[in-house]
Structure formats: C-alpha cells, structure tokens
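*Asks:* Residues in the sequence shown are numbered from 196 upward in steps of one, following our numbering.
Below you will find the structure I want to go over with you.
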Amino acid sequence: MRVNNLKAIELLSPVGNVESFYAALDGGADAIYLGLKNFNARNRAMNFTAWQVAAMVKEARKRNCKSYITLNTVIRNFELTDLLHTLFQLTQIQPDAIIIQDFGVLYLIKKYFSNLEIHASTQMAIHNSDGLQYARLQGIKRAVLARELTLNELKSISAKSNIEIELFVHGALCYSFSGMCLFSSYLGGASANRGMCTQPCRRLYKQKDEKGKKEAYFFSLKDNQLIDHIAEFKSMGIASLKIEGRLKPGEYVHRVTKAYRVAIDAPEKIDEAHRLLENDLGREKTSYFLGKDVATAITQAATTGILVGKVTQSVNGIISFTSNLILDNGCRLRFRNPQNDKQIDIKADVLTYAAGQYSIEGDTKEIKQTYEVYLAGNKLNMPKKLNTDGIKLNEFMSSSKISNISSSLKMKGNPQKREVFLRIDSFCWLEWIDPKDFTGIILQLRSTEWDELFNNKGRIAKFRHLLHAEFPKFIPEKKLQYYRDLAKKLFDTGINSFFVSHLSQKLLLPAQAKVSANENVYAFNDAAVRFLKEEGIQHFIYPLENDIANLGRGTDRNGIVPLFFFPSLFYSRMPVKLTKDQYFSDKNNERYAKHVRDGMTIITSEKPVSTTQYREKLERFGFKRFFVDVSFLNPSKENIDLIINSIKESASIKDSSVFNFKRELK
C-alpha cells in the first residue's frame, strides 16, 4: 500500500534560528522543523523557547506552512519531569507533529498527550518495510528513513508502506547510521543521541602503511544532494523531502529551500535549481547510496565553504588576506589552521579592500599568517527578532499530575541472584565456556555461521537451554525474508528466545518466541522501560553509553548492565579505505580497529570497556543482571577466565576504559 501518492510532495526546511525561520518561509517551504532549548538532536543550534516556538507555529500557519518540533534525543531519568513540562507546553502550542527518538517519549505521548501527532526521527534507524509497519502499529504517522538506502530499496519499501515517508534530500551526512553512533560519546561523553555530537567523523586520522604514516579524513562524507531524483520520489508517493541544516545560517536555508522549490514546482527549470545549489557553501556533493557515486562519497576537504585565499598578515588586531572572490560586508568567514584543522568563524561586518587585499578586525593572537580563509556564509536581509507578544502558555504541568505519572512509571521487583549473559560472535568460544558461568548465551553470528549451527547441532547441544539468537542492527529490505525464515528454523530447532536490535524485528519472529531487546533498543529511562515491558520484552540490556548515576536515578533494577564490551563507535554501510592493517589512530594516538561484518563497516576502540570493578556496588544498588560481550576478542580460555574471575572478584581489567560509567553522559 502506498501513502501520499495523490498528494503534493512536501518541502521541509530546517530552522535553527530566527533568521532561518523567515528564510525558510520566504524560500517556499511547505513545512519547517525546529527544536526547543532541550531534548533535540541539534543542541548546538540556537534553538528556541516555548514562547518563540508558539509564535513561529502561529506565524507559519498564517502562511500555510506546517511546523514539526524535534524532541529526538534519548532522555535521562532526571529529565523526565522537565520532559513532562515540555510535552504539556506543546499540547498548548499544538504544532503539526513531534519528531521523536526515545521510546519513553513515545510511551508518554501515547498515554498522556495523545493530541500530539508523532513522527519517527531518523535517529530511530528505520530502514526497511518492517520498521515502517512497526511504527504504524505504534500510532506513528510518519517516519524519516535512514539515509543509507538504495533507490531500489526505497522503491520496494515505499510500495509496501502504509505510513508517510520522509527523506533527507540535501545536507550533511553522518558516517554512521543515525542513532547508532557512539564515537563522540566515547571520546568525552558528548552523545550524538543527545544532540551533542562533536563530529569525530570529520576528524583527521592516521595509519601506517608501506610508505609510512598516512593521514586522511577516512570517514568524512560529502554532502547529500538528491535534487535530480525528485520525479522518482513523487512517483513513489514519498510524503516529504527534508533539507538538513539546523546549524546552518539563514542564507543557506533560503538558497537551498528556493532551489528545491523550483525543482518541485517547475522540473523544466532544474538548471536554475542547480545554479542556486552551486553556492550553498557546503561540501562537495554526492547522491550516496541512491545514486551511482557511493564509491567516491568520502571527501578530503577539511571544512565547508569556498576557499577564497590565505592570510598574508595578522598583526595589531588586523587580519589581511587575498581573495579571488568579491566579498561583501556581513559575510561569514572561516579561518582554518592547515596544521591542526583548528577553525575560527568571524562575521565580517566591516571589510576593507586595498591593494588587492581584504582586511578585517580579529584576534591576531589566534589567527596567524598562512591560515586558509573560507567564505562560510553570505549576508541575508531577514528579520532576526521574533514577536512573542500575546503568546500565553502555562509553563508547568500541575505537580499532582507529574506525581501521578511518575508513580505509574515506577518499576517493582529486583532480581534475587546474580545472572550473567554472554554474547559471542563465533562458535569457537564454545570450546572455552563453562555453561554454569552463564544465565544466557547470545549468538551474534554472520550469515554463513548460522548454516554451521544447523549442520553441526551436536556442537551446541549442552548449551541449547542457554541460547538466544540475535539479529543485526541493519537488515536490508531484501534480507527480511531470509531472517524471517531463519527465525522459524531456529525456533523449530529449539532456540526459541531472541534478542532484537530494533523493535521492528519482533515482526520477524514466530508468535510464540520469547523476545528480549539488546543495548541498541535504548532504555535510558523508566518510561522507556515501561514501554518495553508493555511490548512483552522479557529482558533488555541497558545502553552502552549509560552512566552509573542515571542507572541509580531510575527505579528499574531488572535490566542487564553491561560490564565488558568493545563498543561499536561507528556502524556504517559505507566502506572505508584503510590498508590491510585495520588499526588506525587519532591525534592523541588513541587506537581504533576496523571490522567488516556482513557488509557493515564497524569501528571499535582497541581497548575494551570494562566496569567489572563496579559489580559489588551495582549489586548493592539492586542490579544483579550483567552483560559480557566478547565480540571482536580472540576466543581463548585465558580471555574468558579473566573476565569471569574479574566479575566474581569485582576487580578491574588492565588496559581497559570505563566509557561514560563514572562521568555523566552529556
């Protein structure tokens, strides 16, 4: 079933500040998306107060433009009260939809704020028709699909969809699947899942090869541009075309919105649209998996913008530089140190030009001679202030309602004895495992290894009562039937318990199967835990980037706490050009490893994360279920004994990190 095939396709533009709000409207947007000061995946944008949002929703409606509010981060337990106040404010503002990621937010909206329409963020990682079907069953009206789909996959998925589909068609691309990236969080606790990404995929890395050290931007993708596919999107019944860029200036929003408006309304003027996009001041362009240029989608360009020249002099607060472009007052310039990639932006309110050089006032202690100069934005004459006069909102939900909702989320009952769940990625581990040490063994196997299981059933006989099958985070459309058949075959073999990496994978399983959720089904808060319980989830693993403070603030004690693992920092469909030595390092000489599993590129830390030394403390808090993941570790008796003994003794493991466990997730 196709949705929207008779409706006009929607053009959806980003709004990160007041200027870009008016720029989107003037450029011809049918809808805008914007965030509040908290709970949105672009916390580095200026974002808005509830009163500003109310004013923009009102003004946009006057111009027949819809407004979608981003509430698309994961929520920590101490934030639940603020979240309830925010949802209460939004019920008064009545935007056209709320874009969400967290299952706790989904649960609360459905149960207590049902007059709010729900859209699934790309952070929910929906990437196949089962994902859309599951979203529909949850009352979600629209889903933003993952950016990594091919044209044929998109055609197949859209033909089966019975909810609206939204696509990113222009702007920055993340190397990792959205919602699956832990790299920024690993480096300092600034989580991409909380809108705090520090963009590790844009950094310079180094690797030794035959010629010595090689430095490159291994993971920095070009910008997405799908303007030439609009006719195909229309024929598929795609509901909305989305422009990325809430961190971008108003001039960018205006230019790109106008270009796509031209292409949608007047396809014969596509050349005019392309001319507009030539100066969007972004990166080089790719059509990524939807086009035929995915092999060249990585860029070595260090920054966005147009290179205009180099600093020739920087003294006494005056920076001079050459330029091959005519620059106007009010433009935004970016100065980049080519030695360390440090970048400084300056708004050039007053530019002087003499003797073939431009000059501008600036911090000459910071910006030195030989710095590169980029044009990062042009001046745009749009209003920069918003009139919020007459906007009335009740800021706070009543304390009695907050108390009642909070009480309903409290979880009861604690595990009575210690339980340890082990994940393995190879049958070789079975040679070294004592079944008495584990409550469950999670099989995370490559496609070829499942065949090995069926051909050698005797090998798993003594472990059968412990086994749980686990499916990968990304299942392409054409592989859905394979995993549906595999689930039935496993069930018939006696393996009737499954860990899902995406809740939509429940639809692949036999009706009588026992379903648990792994750490990729994020349960950061009691509302999300309540949702999982009502979905019939037997066990769940707390998120890998969680911290002990957030665990302690929740009322649930039945989840499984990770104690040992190699975190998947990037999980990507995009191949990366590293040499045969799959290790590489950053500027701090921290080392990482590249793995390829069933076509997915996975980047892990070289060091494992281990919090085994906190086992006793966790048990005092009431947590008694623990998780060990030996994926990416060489199978050996020495390794498994070290981990098991460290858990028993509540001892640390040498040469490991604790990730965010002690520092709080930002």
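Just so you know, even glycine gets a beta-carbon here, dropped at the ideal spot from N, CA and C.
Report the residue from R527, K563, K802, Q284 whose alpha carbon sits nearest the alpha carbon of Y569.
*Replies:* R527
*Asks:* Relative to the alpha-carbon of K202, which residue among M769, A434, D523, F283 has its alpha-carbon at the smallest distance?
*Replies:* A434
*Asks:* For the beta strand (DSSP E) containing A338, name the first residue and the last one.
*Replies:* 337-339
*Asks:* Beta-carbon within less than 7 Å of L476's beta-carbon, same chain only, minus the 5 sequence neighbours each way: which residues are those?
*Replies:* Cβ neighbours of L476 beyond the five flanking positions: Y447, T499, G500, I501, L570, A571, G572.
*Asks:* Determine the DSSP secondary structure at H734, reduced to helix, strand or coil.
*Replies:* coil
*Asks:* Apart from the five residues just before and just after Q287, which ones in its own chain have a Cβ nearer than 7 Å to its Cβ?
*Replies:* Here the set comprises L588, N589.
*Asks:* Which residue marks the beginning of the alpha helix (DSSP H) containing S595, and which one marks its end?
*Replies:* 594-604
*Asks:* Leaving out five residues on either side along the sequence, give the residues of the same chain with a beta carbon under 6 Å from the beta carbon of D225.
*Replies:* E205, L206
*Asks:* Tell me whether N272 sits in a helix, a strand or coil according to DSSP, three-state version.
*Replies:* If DSSP states are grouped into helix, strand and coil, N272 belongs with the helices.
*Asks:* Roughly how many whole angstroms lie between the Cα atoms of Q538 and R529?
*Replies:* Roughly 7 Å between the two C-alpha positions.
*Asks:* Quick test of your reading: V804 and F854, contact by CB under 8 Å. State the CB separation rounded to the nearest angstrom.
*Replies:* The pair is a contact, with the Cβ atoms about 5 Å apart (cut-off 8 Å).
*Asks:* Is it true that the stretch 814-830 meets the stretch 746-765, where meeting means three or more beta-carbon pairs spaced less than 8 Å apart?
*Replies:* In short, these stretches touch, since the Cβ pair count reaches three.
*Asks:* Compare the C-alpha of A315 against each of Y307, K306, S309, G326 and name the closest.
*Replies:* G326
*Asks:* According to the neighbour-count rule (16 or more other Cβ atoms, all chains shown, within 10 Å of its Cβ), is T643 buried or exposed?
*Replies:* exposed
*Asks:* Quick one: measure Cβ to Cβ for K684 and A385, integer angstroms, because I've assumed they're closer than 8 Å.
*Replies:* That pair is no contact at about 43 Å.
*Asks:* Under 8 Å, do Q495 and Y400 count as touching if we go by C-beta distance?
*Replies:* no
*Asks:* Alpha helix (DSSP H) containing I898: first to last residue?
*Replies:* Residue 898 is absent from the structure shown; the chain starts at 196 and stops at 861.
*Asks:* Return the bridge partner residues of Q247 from the DSSP annotation.
*Replies:* Paired residue(s): none; Q247 is not in a bridge.
*Asks:* Give a yes or no on whether the C-beta atoms belonging to Y483 and N524 are separated by under 8 Å.
*Replies:* no
*Asks:* Among the residues of its own chain, which have a CB less than 6 Å from the CB of K772, if the five just before and after it don't count?
*Replies:* none
*Asks:* Going by other Cβ atoms of all chains shown within 10 Å of its Cβ, with 16 needed for buried, is P705 buried or exposed?
*Replies:* exposed
*Asks:* So, does the stretch 589-598 touch the stretch 277-295, judging by three or more C-beta pairs under 8 Å?
*Replies:* Using a C-beta cut-off of 8 Å, the stretch 589-598 makes contact with the stretch 277-295, since at least three inter-stretch Cβ pairs fall below that distance.
*Asks:* Just to confirm my understanding: we take E844, look at its own chain, exclude 5 residues before and 5 after, and list those with CB closer than 6 Å. What are they?
*Replies:* none
*Asks:* Could you give the distance in angstroms between the alpha-carbon of T806 and the alpha-carbon of Q318?
*Replies:* 27 Å
*Asks:* Look up Q508 in the DSSP assignment and give the residues it is bridged to.
*Replies:* S515
*Asks:* For the stretch 534-608, list the alpha helix (DSSP H) runs that are entirely contained and at least 4 residues long, ordered along the chain.
*Replies:* 594-604
*Asks:* Tell me whether H660 is buried or exposed, calling it buried when 16 or more other Cβ atoms sit within 10 Å of its Cβ.
*Replies:* exposed
*Asks:* Are there 16 or more other CB atoms within 10 angstroms of the CB of G585, so buried, or fewer, so exposed?
*Replies:* exposed
*Asks:* Leaving aside the five residues before and after N840 along the sequence, list all residues of the same chain whose C-beta is less than 8 Å from its C-beta, in chain order.
*Replies:* A846
*Asks:* Contact between the stretch 212-219 and the stretch 448-456: three or more CB pairs below 8 Å?
*Replies:* yes
*Asks:* Kindly indicate which residue of K832, K480, I352 has the alpha-carbon position closest to the one of P671.
*Replies:* I352
*Asks:* Which residue comes first and which comes last in the beta strand (DSSP E) that contains V489?
*Replies:* Here V489 belongs to no beta strand (DSSP E), and DSSP marks it neither H nor E.
*Asks:* What are the start and end residues of the alpha helix (DSSP H) that includes Y677?
*Replies:* For Y677, the enclosing alpha helix (DSSP H) stretches over residues 675-688.
*Asks:* Touch check for the stretch 420-440 and the stretch 333-350: three-plus C-beta pairs under 8 Å?
*Replies:* yes
*Asks:* Measure the alpha-carbon distance for T583 versus T244 and round it to whole angstroms.
*Replies:* 10 Å
*Asks:* Go ahead and label N199 buried or exposed: buried means 16 or more other beta carbons lie within 10 angstroms of its beta carbon, across all protein chains shown.
*Replies:* In this prediction, N199 has a pLDDT of 49, which is less than 50 and means its spatial position is unreliable; what the coordinates show is noted afterwards. Per the 10 Å Cβ criterion, buried.
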